[in-house]
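Student: When you line the sequence shown up against full-length UniProt numbering, it's residues 38 to 282, in that order. Cβ coordinates follow ideal geometry from the N, Cα and C atoms, glycine included. As the structure is a computational prediction, the values presented were derived from the model and not from experiment.
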Amino acid sequence: RLRIDEELKELQAKVDSWVPPAEITVFNELPLSARTLKGLKSSHFLNPTPIQQLAIPPALRGQDLLGSAKTGSGKTLAFLIPMLERLYLDKWGPMDGLGAVVISPTRELAVQTFNQLRDIGKYHNFSAGLVIGGKPLKEEQERLGRMNILIATPGRLLQHLDSTVGFESSGVKVLVLDEADRLLDLGFLPALRAIIGHFSSGTQLSNTKPNRQTLLFSATQTKDLASLAKLSLYQPEYINCNKAG
Ligand code: ADP
Ligand code: MG
């Protein structure tokens, strides 16, 4: 316990005072917990991709992000790593309930993200679950209360937010909207509006910094994406790896 407290204090100080080098070539150069670094190493991830190099540092500082990079560029780790670090630095534990939610457009993508999380997060003690339908709602409901991290499709998540008694969404520290262009293509904007409304309910004033960090990732940028960003992000950093040159 004491050792972990000291490690966390040290890590937080490192994150706070960290000045990113001009180029980050290995994950070890980022101010990450020993647990996450071990998870990355055991999954054979050594060198961050460009979107990971650019997105992880501001995300670790707690900033909202809009990250664009083409399919296959490694956007998943660009949000999973800062998400794990946020919960770890906040000493998130089994009793703290839901701390992070990732919204994916399809079941298949949700499962892929879940598997990557299990790989790189295996040295952490968080509980993680999938909310993608295909199983009786009641079965999912019973597991929800015990989860720290959920990977969800929008329709099913909204169903729970609307109907599952005791599903606490106001404490969520990190919300990820992944593959946002596909979320919009599939017509999920109204569901996302409703979901963001649930996560934002409470005493939040519209132009004060929310307690929640929101990370939005997309392969492409569209006009709809800008309106989703406006709806969900607070003073975001824009990271675009699709720019020519
Ligand atoms: P995107 O969401 O941008 O389409 P993914 O996050 O699904 O991309 O990653 C694409 C592939 O690249 C996956 O197989 C993933 O395991 C691999 N990958 C991601 N980051 C790295 C990395 N830093 N080093 C090596 N492979 C990586
Ligand atoms: Mg992806």
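1. Nearest to Pro-142 by alpha carbon, out of Tyr-271, Ser-79 and Leu-226?
2. If you measure from each CB to the nearest heavy atom of the ligand ADP and keep those under 6 Å, what residues do you get, in chain order?
3. Classify Val-213 as helix, strand or coil using the three-state DSSP reduction.
4. What three-state label does DSSP hand Leu-126 in the structure shown?
5. Less than 8 Å between the beta carbons of Arg-249 and Leu-195, yes or no?
6. DSSP state of Glu-177, grouped into three classes?
7. Cα-Cα, which of Leu-229, Ala-231 and Glu-216 is closest to residue 347?
8. Could you tell me the distance, in whole angstroms, from the CA atom of Arg-219 to the CA atom of Glu-43?
9. So does Glu-176 have its beta carbon nearer than 7 Å to some heavy atom of the ligand MG?
10. Considering only residues of the same chain and omitting the five flanking positions on each side of Arg-72, which have a CB-CB separation below 6 Å?
11. Indicate whether the contact test is met: 3 or more Cβ pairs, each with one atom in the region 139–153 and one in the region 113–125, closer than 8 Å.
12. If you reduce the DSSP assignment to three classes, tell me which class Thr-251 lands in.
13. With DSSP collapsed to three states, give me the class of Ser-264.
14. State the DSSP-derived secondary structure class of Asp-53, mapped to helix, strand or coil.
15. Tell me which residue opens and which closes the beta strand (DSSP E) that Ile-188 is part of.
16. Which residues share a DSSP beta bridge with Asn-277?
17. For Gly-208, I'd like the list of residues in its chain whose CB is within less than 8 Å of its CB, leaving aside the five on either flank, ordered along the chain.
18. Is there at least one non-hydrogen atom of the ligand MG closer than 7 Å to the beta-carbon of Glu-145?
19. Using DSSP with H/G/I as helix, E/B as strand and the rest coil, what is Ile-61?
20. Measure the beta-carbon distance from Gln-49 to Leu-126 and round it to whole angstroms, keeping in mind my assumption that it falls under 8 Å.
21. Taking the straight line between their C-alpha atoms, what separation do you get for Tyr-271 and Ser-237?
22. In three-state DSSP terms, what is Leu-67?
Tutor: Checking against the coordinates, here is how it stands:
1. Position 105 of the sequence shown, counting from 1, holds the residue named residue 142. Closest by alpha carbon: Leu-226.
2. Phe-82, Asn-84, Pro-85, Thr-86, Gln-89, Ala-106, Thr-108, Gly-109, Ser-110, Gly-111, Lys-112, Thr-113 and Leu-114
3. Here residue 213 refers to the residue found at position 176 of the sequence shown. In the structure shown, Val-213 sits in a strand (DSSP, three-state: E or B).
4. Locating residue 126 in the sequence shown gives position 89, counting from the first residue. Here Leu-126 sits in helix by DSSP.
5. Walking along the sequence shown from the start, residue 249 turns up at place 212. Walking along the sequence shown from the start, residue 195 turns up at place 158. No, they are not a contact pair.
6. Residue 177 sits at position 140 when you count from the first residue of the sequence shown. Residue state, collapsed to three classes: helix.
7. With the chain running from 38 to 282 in the structure shown, residue 347 is simply not present.
8. Along the sequence shown, read from residue 1 onward, the residue named residue 219 stands at position 182. Along the sequence shown, read from residue 1 onward, the residue named residue 43 stands at position 6. Spanning the two alpha carbons is a distance of roughly 42 Å.
9. Numbered from its first residue, the sequence shown carries residue 176 at position 139. For the ligand MG, not one heavy atom lies less than 7 Å from the Cβ of Glu-176.
10. On the sequence shown, position 35 is the one that residue 72 refers to. Cβ within range, chain order: Tyr-160 and His-161.
11. yes
12. Sequence index remark: in the sequence shown, residue 251 carries index 214 (1-based). In the structure shown, Thr-251 sits in a strand (DSSP, three-state: E or B).
13. Counting from 1 along the sequence shown, the entry for residue 264 is found at position 227. Helix, per DSSP.
14. Sequence index remark: in the sequence shown, residue 53 carries index 16 (1-based). Helix at Asp-53.
15. Position 151 of the sequence shown, counted from the start, is the residue given in the question as residue 188. Run containing Ile-188: 186–189, per the beta strand (DSSP E) assignment.
16. The count along the sequence shown starts at 1 and reaches residue 277 at position 240. DSSP output for Asn-277 lists Ser-105 as bridge partner(s).
17. The sequence position of residue 208 within the sequence shown is 171, counting from 1. Asp-133, Gly-134, Leu-135 and Gly-136.
18. On the sequence shown, residue 145 is found 108 positions in, with the first residue counted as 1. No.
19. Indexing the sequence shown from 1 puts residue 61 at position 24. Here Ile-61 sits in coil by DSSP.
20. For the purposes of this step, residue 49 is identified with residue 12 of the sequence shown, where counting begins at 1. For the purposes of this step, residue 126 is identified with residue 89 of the sequence shown, where counting begins at 1. Correct: roughly 6 Å between the Cβ atoms.
21. On the sequence shown, position 234 is the one that residue 271 refers to. On the sequence shown, position 200 is the one that residue 237 refers to. C-alpha separation (whole angstroms): 12 Å.
22. As a working note, residue 67 is residue 30 in the sequence shown. Three-state result, Leu-67: coil.
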